[in-house]
Each structure stands twice: as structure tokens, then as C-alpha cells.
Amino acid sequence: MSHSPITRRHHAVSVEQAARESPTLAQLVALTQDSKERLRSILPLVPPTLRNCLEAGPIEGSTWCLLVRNNAAASKLRYLLPGMEAHLRVKGWDVQHIRLKVRSTQEWEAR
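So the sequence shown is numbered by the working numbering: it starts at -11 and just counts up by one.
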């Protein structure tokens, strides 16, 4: 009994092409873009010294997670959350709550 080797061809595909071919991946790409657009929208409300401490995070229903570099920045940002939430709602996003998540130094540097 002879076994023929299985030849696999690996084709590089762009993220856009993969997203078109996979509804799950397409949804993930759309959520990622939406989160980045939310961050761009609120940046003018954030003091310039804190802007580089933020990263767009996951969206879970009407809650958006904003990733923060450290506890000090998170503490200062907590006071701005009601204004950010209102701003996003006025711009058309269904954001009832913004949750802050402080990333560890290793997570932040790995990005």
C-alpha cells in the first residue's frame, strides 16, 4: 500500500480578503475599526499629556473598554468618562459605559 504525500499550498491572503471569506473575522475587523474610531473621536477631550496612554479596547454591547497605560492615567481619566460617554452618544455610538482597563507594563510594551 503506497501513501502519496499530501501537498498543501499555503497562500498569503490579505486581512481584507480573509475577512470577506469569514463572517466571524469580518465582525472582529469591524469591531476593531469601530473601537479605533471611538478613540479618535474622544482624543480631543483628553489632555495632550494623557493621549499616548490610551489604546482602543474591546466593545461589549453598550460598554466600550479603553486600555490605559498606568493607574495614574486611569485615575485622571475617570473624571472625564461622563463627558466622553456623552460625546460618543452624540456622535451616534451606543455607549452607555466606558470601562478603563490598566494594562501591565509587559502588555503595553508588547503592543
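For glycine and all other residues, C-beta sits at the position ideal for the given N, C-alpha and C. For clarity, every value in this text was computed on a predicted model and none was experimentally measured.
Identified DSSP bridge partners for residue i
i: H75; result: Bridge partners of H75: none, in fact.
i: A44; result: L54
i: L88; result: L54
Residue closest to residue i, alpha-carbon to alpha-carbon, out of the options
i: R57; options: A18, P46, V17, V90; result: V90
i: P36; options: R77, L65, V78; result: L65
i: A60; options: S92, P11, G71, E9; result: S92
i: G71; options: L55, L31, N40; result: L31
Contact check, residue i vs residue j, beta carbons under 9 Å
i: H75; j: L38; result: no
i: K79; j: S29; result: yes
i: L101; j: L27; result: In this structure the chain extends from -11 to 99, so residue 101 is not present and cannot be described.
Nonlocal neighbours in the same chain, by C-beta distance under 6 Å from residue i, ignoring five residues either side
i: C53; result: G45, P46, R87, K89
i: Q21; result: none
Contacting residues, own chain, Cβ-Cβ under 7 Å from residue i (five flanking each side not counted)
i: R77; result: V83
Beta-carbon proximity list for residue i, same chain, < 8 Å, skipping 5 on both sides
i: L68; result: L33, V34
message: Whether or not the segment 79 to 89 and the segment 46 to 62 are in contact is what I'm after, with contact meaning three or more pairs of Cβ atoms, one per stretch, closer than 8 Å; do they touch?
response: yes
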